[in-house]
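Below: one structure, written as structure tokens.
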Amino acid sequence: MCGIVGFVGKKDASPILIEGLSKLEYRGYDSAGVAIIDNDHINVMKCKGRLKNLQKKLSGHPLKGIVGIGHTRWATHGKPSDLNAHPHNSQDGIISVVHNGIIENYSQLREWLISKGYKFVSETDTEVIPQLVNYFYNGDLVEAVMKAVSKLRGSYALGVICSKEPGKLVAVRKDSPLIVGLGEGEYYIASDIPAILNHTREIYLLNNNEFVVITESGVKLLSDDGSEVKKDIYHVTWNANAAEKGGFEHFMMKEIHEQPKAIKDTMTSRIMMDKPITLDDIKITKDEIKNIDKIYIVACGTAYHAGIVGKYVIEKLVGMPVEVDIASEFRYREPIINERTLMIIISQSGETADTLAALRESKARGARVIAITNVVGSSVSREADDVLYTWAGPEIAVASTKAYVTQLIAIYIIALFFAQNKNTISKEEIDEIKRELLRLPIKAEEVLGNKEAIHEFAAKIFKEEDLFFLGRGLDYAVALEGSLKLKEISYIHSEAYAGGELKHGPIALIEDGTVVIAGATQEKLVEKMISNIKEVTTRGAKVLALTSEGNNEIEETVDSVIYLPKVMDILAPVVSVIPLQLLAYYISIQKGCDVDKPRNLAKSVTVE
Ligand code: F6R
Numbered sequence: 124m125c126g127i128v129g130f131v132g133k134k135d136a137s138p139i140l141i142e143g144l145s146k147l148e149y150r151g152y153d154s155a156g157v158a159i160i161d162n163d164h165i166n167v168m169k170c171k172g173r174l175k176n177l178q179k180k181l182s183g184h185p186l187k188g189i190v191g192i193g194h195t196r197w198a199t200h201g202k203p204s205d206l207n208a209h210p211h212n213s214q215d216g217i218i219s220v221v222h223n224g225i226i227e228n229y230s231q232l233r234e235w236l237i238s239k240g241y242k243f244v245s246e247t248d249t250e251v252i253p254q255l256v257n258y259f260y261n262g263d264l265v266e267a268v269m270k271a272v273s274k275l276r277g278s279y280a281l282g283v284i285c286s287k288e289p290g291k292l293v294a295v296r297k298d299s300p301l302i303v304g305l306g307e308g309e310y311y312i313a314s315d316i317p318a319i320l321n322h323t324r325e326i327y328l329l330n331n332n333e334f335v336v337i338t339e340s341g342v343k344l345l346s347d348d349g350s351e352v353k354k355d356i357y358h359v360t361w362n363a364n365a366a367e368k369g370g371f372e373h374f375m376m377k378e379i380h381e382q383p384k385a386i387k388d389t390m391t392s393r394i395m396m397d398k399p400i401t402l403d404d405i406k407i408t409k410d411e412i413k414n415i416d417k418i419y420i421v422a423c424g425t426a427y428h429a430g431i432v433g434k435y436v437i438e439k440l441v442g443m444p445v446e447v448d449i450a451s452e453f454r455y456r457e458p459i460i461n462e463r464t465l466m467i468i469i470s471q472s473g474e475t476a477d478t479l480a481a482l483r484e485s486k487a488r489g490a491r492v493i494a495i496t497n498v499v500g501s502s503v504s505r506e507a508d509d510v511l512y513t514w515a516g517p518e519i520a521v522a523s524t525k526a527y528v529t530q531l532i533a534i535y536i537i538a539l540f541f542a543q544n545k546n547t548i549s550k551e552e553i554d555e556i557k558r559e560l561l562r563l564p565i566k567a568e569e570v571l572g573n574k575e576a577i578h579e580f581a582a583k584i585f586k587e588e589d590l591f592f593l594g595r596g597l598d599y600a601v602a603l604e605g606s607l608k609l610k611e612i613s614y615i616h617s618e619a620y621a622g623g624e625l626k627h628g629p630i631a632l633i634e635d636g637t638v639v640i641a642g643a644t645q646e647k648l649v650e651k652m653i654s655n656i657k658e659v660t661t662r663g664a665k666v667l668a669l670t671s672e673g674n675n676e677i678e679e680t681v682d683s684v685i686y687l688p689k690v691m692d693i694l695a696p697v698v699s700v701i702p703l704q705l706l707a708y709y710i711s712i713q714k715g716c717d718v719d720k721p722r723n724l725a726k727s728v729t730v731e
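Each residue of the sequence shown is one higher than the last, beginning at 124 in this note's numbering.
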């Protein structure tokens with residue numbers, strides 16, 4: 124949902140801002156722009172479309188200066204266009220602003236500013252910010268930004284520069300991420316760590332309502348009452364290579380291949396055969412666990428699909444009722460939660476606005492919150508009572524892959540931790556699950572080794588316009604994820620159904636040649652699934668089945684089969700999702716789509 128960067132130093136700001144934006148394009152790519160101070164003047168260059176358009180423009184008219192801000196946009200208020208692109212300036216051009224978030228009261232502010240004589244040129248909510256800063260500006264940029272921000276409702280990470288204070292950059296955040304990078308006499312702001320990793324690994328993680336004032340002599344952090352804030356420097360342990368493509372053509376393919384390692388890293392030091400499940404990062408006590416009588420899992424998109432797997436797994440291993448909900452629905456109904464409820468919040472980015480709101484809502488109602496997130500220092504990680512990090516490493520492709528499988532691993536770990544503490548299953552059963560979990564990285568490698576079979580299947584079906592994904596039990600949960608992957612990166616319409624549900628309506632859509640992808644990994648359900656497959660083949664469907672090695676009887680019923688290495692039923696989603704990720708990837712490539720940056724999407728959804 125938009126990425127912002129800023130730089131104050133001794134070198135030319137322009138290439139540094141552009142490089143930072145290139146690492147943030149996953150957050151939005153409807154337009155891009157930079158504003159740079161040249162002596163006592165702010166020069167802005169911005170345009171619709173990908174960053175490369177801006178680079179082209181800049182190569183003809185380079186901007187000079189050592190202090191600047193930059194933006195890559197995912198459009199909310201106002202269509203993608205040159206005028207709506209950020210940075211936005213005050214009407215006299217002395218203040219320039221980049222913004223990630225949404226200003227909810229922008230129309231009132233806009234009317235009020237118009238009544239004071241201000242003129243607007245864009246359709247954005249953001250343009251009120253430079254105008255407001257300008258309204259309050261009286262020779263002190265920090266004071267003006269503080270006053271302006273006190274009038275804003277909504278979410279924002281802002282970078283602000285002023286031509287009358289040419290060596291200064293002021294930034295602030297509320298409910299949108301922002302970090303500060305500390306180099307040698309050079310300082311950065313950015314929406315996410317990869318944007319600055321080529322320059323420094325020393326950063327400040329900002330809290331809500333904290334302001335940053337950067338000049339060439341250093342960085343000052345202020346709270347909203349103007350008092351100075353002291354903060355520890357966070358050292359980023361991963362390096363810039365982790366956020367590069369590493370020889371793969373696309374981030375998505377690289378991230379699909381990183382899954383065995385990500386699974387292993389997420390289990391390391393938590394699952395060991397000779398020790399109980401150890402969760403250093405979760406402080407919940409045995410007594411607190413005893414007190415819990417219901418679990419809620421809340422998330423969005425792919426993370427929600429991981430939550431559906433969580434329901435099956437936790438109910439089976441812990442014997443406790445689990446509800447799963449989409450965060451944007453959860454927050455606007457009256458969920459029955461109290462101090463006996465455990466909330467599990469799942470979010471790769473840890474910044475998804477609806478998920479964060481659900482977290483806050485559940486805390487306000489007294490629930491204990493465990494967060495599963497991939498981003499250290501993210502809002503979700505900071506606001507939850509306990510955090511279980513997925514060690515997937517940076518996920519850059521918009522379509523989530525390695526984050527999903529590590530979210531599954533985190534769920535297995537939490538389920539085992541609860542089962543161990545509540546004695547709901549025997550030690551032998553726990554050991555058996557642990558043993559199987561530890562084998563998953565190798566099994567995931569095996570699936571990747573068979574990717575050519577998926578490639579060939581993709582070549583046969585990439586021209587389809589509608590596809591069905593079917594499954595029962597955990598295969599249904601994976602079908603939902605497979606269908607989402609296909610839709611988002613190949614733009615093919617698809618539906619995921621529980622195998623037994625199809626005959627209650629949607630089977631009317633099956634006709635000669637309809638392609639159906641059927642998951643059949645769950646031992647107890649394979650026969651039932653074969654019956655459901657027959658229901659569609661009888662009506663002319665072409666079926667690709669994903670099943671475990673040994674289930675050869677399925678071959679008689681379907682057109683093609685992909686065999687998956689045998690794993691325990693509850694762990695099957697970790698291996699069965701991989702062919703579906705690959706299928707979506709190969710279809711997207713064959714159709715010539717932009718795999719890593721699908722249309723209309725952004726990686727981190729920090730607006731409602
Ligand atoms: C799909 C995808 C999205 C995210 C969703 C939640 O591939 O990536 O559906 O899963 O936007 O994002 P996080 O996990 O960051 O809260």
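Glycine included, every Cβ here is placed at the ideal spot set by N, Cα and C. Source: prediction; values computed, not measured.
Residue span of the beta strand (DSSP E) that contains residue i, given as start and end
| i | result |
| --- | --- |
| serine 470 | 464 to 470 |
| phenylalanine 540 | Note, phenylalanine 540: premise wrong, no beta strand (DSSP E); alpha helix (DSSP H) at 525 to 545. |
| glutamate 104 | This structure cannot settle anything about residue 104, because the visible part of the chain is limited to 124 through 731. |
| threonine 496 | 491 to 496 |
| tyrosine 152 | It is not in any beta strand (DSSP E) - tyrosine 152 carries neither H nor E in the DSSP assignment. |
| arginine 196 | 190 to 196 |
| isoleucine 415 | Unbroken run through isoleucine 415: none, as it is neither H nor E. |
| serine 278 | 277 to 285 |
| glutamate 333 | 333 to 338 |
| lysine 384 | No beta strand (DSSP E) holds lysine 384; the alpha helix (DSSP H) holding it covers 382 to 390. |
| threonine 247 | First-last for threonine 247: undefined, no H or E at that position. |
| alanine 487 | First-last for alanine 487: 476 to 487, but that is the alpha helix (DSSP H), not the beta strand (DSSP E). |
| valine 698 | No beta strand (DSSP E) contains valine 698, which is instead part of the alpha helix (DSSP H) from 695 to 713. |
| valine 503 | Not the beta strand (DSSP E): valine 503 falls in the alpha helix (DSSP H), residues 502 to 506. |
| serine 671 | 665 to 671 |
| arginine 296 | 292 to 297 |
Bounding residues of the alpha helix (DSSP H) (the contiguous stretch that carries residue i)
| i | result |
| --- | --- |
| alanine 450 | 450 to 453 |
| tyrosine 427 | 424 to 441 |
| serine 606 | 597 to 613 |
| lysine 689 | It is not in any alpha helix (DSSP H) - lysine 689 carries neither H nor E in the DSSP assignment. |
| aspartate 554 | 550 to 572 |
| tyrosine 260 | Premise fails: tyrosine 260 is in no alpha helix (DSSP H) and is neither H nor E. |
| valine 128 | No alpha helix (DSSP H) contains valine 128, which is instead part of the beta strand (DSSP E) from 126 to 131. |
Environment of residue i [buried if 16+ CB atoms lie within 10 Å]
| i | result |
| --- | --- |
| arginine 393 | buried |
| serine 485 | buried |
| aspartate 410 | exposed |
| leucine 706 | buried |
| asparagine 91 | Not covered by the structure: residue 91. The range shown for the chain is 124 to 731. |
| methionine 652 | buried |
| isoleucine 577 | buried |
| tyrosine 709 | buried |
| asparagine 223 | buried |
| leucine 703 | buried |
| aspartate 403 | exposed |
| threonine 524 | buried |
| proline 383 | buried |
Beta carbon proximity, residue i to chain D, threshold 7 Å
| i | result |
| --- | --- |
| aspartate 315 | Chain labels in this structure do not include chain D; a single protein chain is all it has. |
Across the segment 411 to 428 and the segment 459 to 470, are there enough close Cβ pairs to call them in contact, namely three or more that are closer than 8 Å? yes
Threshold first: 3 residues or longer. Then list the beta strand (DSSP E) segments lying entirely within the segment 162 to 230, N to C. 164 to 171, 190 to 196 and 218 to 226
With three or more C-beta pairs closer than 8 Å as the rule, is the segment 439 to 456 touching the segment 495 to 504? no
May I have a chain-ordered list of the beta strand (DSSP E) segments no shorter than 3 residues that lie completely inside the segment 623 to 661? 638 to 643
Is the segment 168 to 180 touching the segment 290 to 299 in the sense that three or more CB pairs, one from each, lie closer than 8 Å? no
Between the segment 609 to 622 and the segment 660 to 677, do at least 3 Cβ pairs fall closer than 8 Å? no
Meets three-Cβ-pair contact criterion under 8 Å: the segment 192 to 204 and the segment 153 to 163: yes
Taking 8 Å as the threshold, find out whether the segment 690 to 699 comes into contact with the segment 714 to 721 through three or more Cβ pairs. no
Counting pairs of beta carbons, one from the segment 244 to 252 and one from the segment 200 to 219, are three or more of them closer than 8 Å? Verdict: yes, contact present.
So, do the segment 530 to 543 and the segment 366 to 384 have three or more beta carbon pairs nearer to each other than 8 Å? no
How about the segment 303 to 319 and the segment 229 to 243: do they share at least three Cβ pairs that are nearer than 8 Å? Segments in contact, no.
Check whether the segment 475 to 482 touches the segment 540 to 551, taking contact to mean three or more Cβ pairs, one atom from each stretch, closer than 8 Å. no
Within the chosen definition, does the segment 666 to 679 reach the segment 630 to 642 through at least 3 CB pairs nearer than 8 Å? yes
Should the segment 669 to 686 be called in touch with the segment 720 to 731, which here means at least 3 C-beta pairs below 8 Å? no
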